[in-house]
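Colleague: Please find one structure pasted underneath; my questions will follow.
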Amino acid sequence: MLGPSFDVRSILARKCQGVARDGATVYSGVVMPDFILHQYAGSPFSEKVRLLMGYLDLPSQQVEIPVIMPRPQLMPLTGGYRRTPVLQRGREMYCDTALIAKILIAQGEGQALLPQAQRAVIETVAYWADTFLFRVVVAVAFQPKALSGNPLFESDAEAAAFMADRAEFSKGSTALQMDLAVALSHFDLWLHQMNSQLGAQAFLFGQAPTLADFSVYHCLWFIAERPALVADLAVFPEVMRWFAQMTAFGHGRVQPMGAEDALQLAASEPFLAKQKVLSPSVSVCPIDYGLQPVTGALVEAEHVPDAYSVLRDEPGLGEVLVHFPRLGFRCVDL
Numbered sequence: 369m370l371g372p373s374f375d376v377r378s379i380l381a382r383k384c385q386g387v388a389r390d391g392a393t394v395y396s397g398v399v400m401p402d403f404i405l406h407q408y409a410g411s412p413f414s415e416k417v418r419l420l421m422g423y424l425d426l427p428s429q430q431v432e433i434p435v436i437m438p439r440p441q442l443m444p445l446t447g448g449y450r451r452t453p454v455l456q457r458g459r460e461m462y463c464d465t466a467l468i469a470k471i472l473i474a475q476g477e478g479q480a481l482l483p484q485a486q487r488a489v490i491e492t493v494a495y496w497a498d499t500f501l502f503r504v505v506v507a508v509a510f511q512p513k514a515l516s517g518n519p520l521f522e523s524d525a526e527a528a529a530f531m532a533d534r535a536e537f538s539k540g541s542t543a544l545q546m547d548l549a550v551a552l553s554h555f556d557l558w559l560h561q562m563n564s565q566l567g568a569q570a571f572l573f574g575q576a577p578t579l580a581d582f583s584v585y586h587c588l589w590f591i592a593e594r595p596a597l598v599a600d601l602a603v604f605p606e607v608m609r610w611f612a613q614m615t616a617f618g619h620g621r622v623q624p625m626g627a628e629d630a631l632q633l634a635a636s637e638p639f640l641a642k643q644k645v646l647s648p649s650v651s652v653c654p655i656d657y658g659l660q661p662v663t664g665a666l667v668e669a670e671h672v673p674d675a676y677s678v679l680r681d682e683p684g685l686g687e688v689l690v691h692f693p694r695l696g697f698r699c700v701d702l
């Protein structure tokens, strides 16, 4: 059993670093992985996807995007969608980690992460972690004592710019707001419950990880990245044992990619499948925060079921297909 002195930072430092191997596709004579992840290092939802790709041993290229707007090379691909990360495959974009995870699980033969007998409850816990628990950890992670040494910011000016950017991002919504005292109370209660449950099993749903583990992990990772908050986690030994197991999955086989290269790939690649137009003009956006809409034609894409797929015509790129999950998003005719 791990004691209170368990070093969370050493767990994160041991994360695997990979290089591309077999399993890639060939584009213009250059070996390239199927997936391109648009992300930034400090993004918790990006960490969820990075870790999932490591577990599934999927090769990828990663485009490091700016932490705050503007993101001039990404917006043409998404049509204005601002959440991080975005997964690209040729000229098709996958938004929100709920949908991205399902795409990766299907590609990486990771069906064991969503066992049919428990699928509904696992997806419910994953959604809870990605929404309510994330709201809790945002309040905890940005409390005054945690701002010192925050890896996202090298100066007070950077911190102020980030806060201003996220205020604009959340305009029209209070979904991410939570009083710190309320957040701390919920976080402490949940950690005690999780620590007790993990004393009897290796992962949240038994002896093997599921999608729920990855959604919960990125929330704790967001806290563990704050030096001032590490001690608050270290007093939960079973949680830290689980955290170490999850961290050990690493990030898989990764190569960096330039943003302009990703744009060129989007302009050159064919669609993965034919589409059937369902509505000529729609608007799709999240229902909680980041309410910037994406507009275009709603199409049926058989290779991405249970999704809103929006076909856009982007100057300089041509047609781009942007996929969103149905859960947590709304689609309206224009």
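Terminal number for the sequence shown in my numbering: 702, no gaps in between. Just so it is clear, CB atoms sit at the ideal spot from N, CA and C, and this is done for glycine as well.
Tell me whether residue 531 is buried or exposed, calling it buried when 16 or more other Cβ atoms sit within 10 Å of its Cβ.
Modeller: Here residue 531 refers to the residue found at position 163 of the sequence shown. By the neighbour-count rule (16 or more Cβ atoms within 10 Å), residue 531 is not buried but exposed.
Colleague: With 16 as the cutoff for other CB atoms within 10 Å, does residue 561 come out buried or exposed?
Modeller: Position 193 of the sequence shown, counting from 1, holds the residue named residue 561. So residue 561 ends up on the exposed side.
Colleague: Kindly indicate the opening and closing residues of the alpha helix (DSSP H) around residue 418.
Modeller: For the purposes of this step, residue 418 is taken as the residue at position 50 of the sequence shown. Annotation for residue 418: the continuous alpha helix (DSSP H) segment containing it runs 412-424.
Colleague: Per the DSSP calculation, residue 687 is bridged to which residue(s)?
Modeller: Translated into positions along the sequence shown, residue 687 becomes position 319. In DSSP, residue 687 forms a bridge with 681.
Colleague: Is the number of C-beta pairs between the segment 449-456 and the segment 638-649 that are closer than 8 Å three or more?
Modeller: no
Colleague: Quick check on residue 516: does DSSP put it in helix, strand or coil?
Modeller: Counting from 1 along the sequence shown, the entry for residue 516 is found at position 148. If DSSP states are grouped into helix, strand and coil, residue 516 belongs with coil.
Colleague: In angstroms, rounded to a whole number, what distance separates the CA positions of residue 571 and residue 578?
Modeller: As a working note, residue 571 is residue 203 in the sequence shown. As a working note, residue 578 is residue 210 in the sequence shown. C-alpha separation (whole angstroms): 8 Å.
Colleague: Would you list the residues sitting across from residue 651 in a DSSP beta bridge?
Modeller: As a first step, residue 651 must be located in the sequence shown, where it is residue number 283. Paired residue(s): 663 and 700.
Colleague: Near residue 651, what residues of its chain come up, given a Cβ to Cβ distance below 6 Å and the 5 sequence neighbours on each side ignored?
Modeller: Taking the first residue of the sequence shown as 1, we reach residue 651 at position 283. Closer than 6 Å at the Cβ level, and outside the excluded window around residue 651, lie 661, 663, 700 and 702.
Colleague: Select from 639, 588, 421 and 527 the residue whose C-alpha is nearest the C-alpha of residue 688.
Modeller: Translated into the one-based positions of the sequence shown, residue 688 becomes position 320. Ranking the options by Cα distance to residue 688, first place goes to 639.
Colleague: Can you name, in chain order, every residue of its own chain whose Cβ lies under 8 Å from the Cβ of residue 325, other than the five neighbours on each side?
Modeller: Absent from the structure is residue 325, since the part of the chain shown begins at 369 and ends at 702.
Colleague: Assuming the contact rule is C-beta atoms closer than 8 Å, residue 548 and residue 511 should be a hit. Round their C-beta distance to whole Å, please.
Modeller: Translated into the one-based positions of the sequence shown, residue 548 becomes position 180. Translated into the one-based positions of the sequence shown, residue 511 becomes position 143. So it is a contact: roughly 5 Å between Cβ atoms.
Colleague: On the criterion of 16 or more Cβ atoms from any shown chain inside 10 Å, does residue 684 qualify as buried, or is it exposed?
Modeller: Within the sequence shown, the letter at position 316 stands for residue 684. Classification for residue 684: exposed.
Colleague: Between which two residues does the beta strand (DSSP E) containing residue 428 stretch?
Modeller: For this step, residue 428 is matched to residue 60 along the sequence shown. Note, residue 428: beta strand (DSSP E), 427-432.
Colleague: Looking at C-alpha atoms only, which residue of 679, 405, 410 and 404 is the closest neighbour of residue 590?
Modeller: For the purposes of this step, residue 590 is taken as residue 222 along the sequence shown, with counting starting at 1. Closest option to residue 590, Cα to Cα, is 410.
Colleague: Hey, could you find the ends of the beta strand (DSSP E) residue 622 is sitting in?
Modeller: Counted from its first residue, the sequence shown places residue 622 at position 254. Here the beta strand (DSSP E) through residue 622 covers 621-624.
Colleague: Smallest Cα separation from residue 462: which of 655, 692 and 603?
Modeller: The residue given as residue 462 occupies position 94 in the sequence shown. Looking at the Cα atoms, 692 is the closest of the given residues.
Colleague: According to DSSP, is residue 676 part of a helix, a strand, or is it coil?
Modeller: For the purposes of this step, residue 676 is taken as residue 308 along the sequence shown, with counting starting at 1. Residue state for residue 676 is assigned as strand, using DSSP reduced to three classes.
Colleague: Taking C-beta to C-beta, are residue 566 and residue 610 nearer than 8 Å?
Modeller: Position 198 of the sequence shown, counted from the first residue, corresponds to residue 566. Position 242 of the sequence shown, counted from the first residue, corresponds to residue 610. Yes, the Cβ-Cβ distance between residue 566 and residue 610 is below 8 Å.
Colleague: Label residue 686 either buried or exposed according to how many other C-beta atoms from any shown protein chain fall within 10 Å of its C-beta, with 16 as the threshold for buried.
Modeller: Along the sequence shown, read from residue 1 onward, the residue named residue 686 stands at position 318. Counting the other Cβ atoms within 10 Å of the Cβ of residue 686 gives fewer than 16, which makes it exposed.
Colleague: For residue 467, is the classification buried or exposed, using 16 other Cβ atoms within 10 angstroms of its Cβ as the cut-off for buried?
Modeller: Within the sequence shown, the letter at position 99 stands for residue 467. Buried, by the Cβ-count rule.
Colleague: Determine the DSSP secondary structure at residue 668, reduced to helix, strand or coil.
Modeller: Taking the first residue of the sequence shown as position 1, residue 668 is located at position 300. Note: residue 668 maps to strand in three-state DSSP.
Colleague: Can you give me the C-alpha to C-alpha distance between residue 525 and residue 546, rounded to a whole angstrom?
Modeller: Numbered from 1 along the sequence shown, position 157 holds the residue referred to as residue 525. Numbered from 1 along the sequence shown, position 178 holds the residue referred to as residue 546. Distance between the alpha carbons of residue 525 and residue 546 is about 24 Å.
Colleague: In whole angstroms, what separates the C-alpha of residue 403 from that of residue 576?
Modeller: If you number the sequence shown from 1, residue 403 lands on position 35. If you number the sequence shown from 1, residue 576 lands on position 208. Distance between the alpha carbons of residue 403 and residue 576: 25 Å.
Colleague: Report the three-state DSSP secondary structure of residue 467 (helix, strand or coil).
Modeller: Translated into positions along the sequence shown, residue 467 becomes position 99. Three-state DSSP puts residue 467 in a helix.
Colleague: Would you check if there are 3 or more beta carbon pairs closer than 8 Å linking the segment 616-624 to the segment 415-422?
Modeller: yes
Colleague: What's the C-alpha gap between residue 433 and residue 442?
Modeller: As a working note, residue 433 is residue 65 in the sequence shown. As a working note, residue 442 is residue 74 in the sequence shown. If I take the Cα positions, the gap works out to 8 Å.
Colleague: Hey, quick one: how far does the beta strand (DSSP E) through residue 561 stretch, first residue to last?
Modeller: Against the sequence shown, residue 561 aligns to sequence position 193. Boundaries around residue 561 are those of the alpha helix (DSSP H), 548-566, since no beta strand (DSSP E) includes it.
Colleague: DSSP state of residue 461, grouped into three classes?
Modeller: As a working mapping, residue 461 is identified with position 93 in the sequence shown. Here residue 461 sits in strand by DSSP.
Colleague: Between which residues of its own chain and residue 389 is the CB-CB distance below 8 Å, once the five residues before and five after are set aside?
Modeller: Position 21 of the sequence shown holds residue 389. For residue 389, the predicted structure reports a pLDDT of 33, less than 50, and the residue's modelled location is therefore unreliable. The matter cannot be settled from this model.
Colleague: Cα separation between residue 406 and residue 634?
Modeller: Mapped onto the sequence shown, residue 406 falls at position 38. Mapped onto the sequence shown, residue 634 falls at position 266. The straight-line gap separating the alpha-carbon atoms of residue 406 and residue 634 is approximately 13 Å.
Colleague: From the DSSP secondary-structure annotation, give me the bridge partner or partners of residue 406.
Modeller: Here the question's residue 406 lines up with position 38 in the sequence shown. According to DSSP, which records beta bridges pairwise, residue 406 is partnered with 431 and 454.
Colleague: Check whether the Cβ atoms of residue 680 and residue 690 sit closer than 8 Å, and answer yes or no.
Modeller: Position 312 of the sequence shown, counted from the start, is the residue given in the question as residue 680. Position 322 of the sequence shown, counted from the start, is the residue given in the question as residue 690. Yes, Cβ-Cβ distance for residue 680 and residue 690 is below 8 Å.
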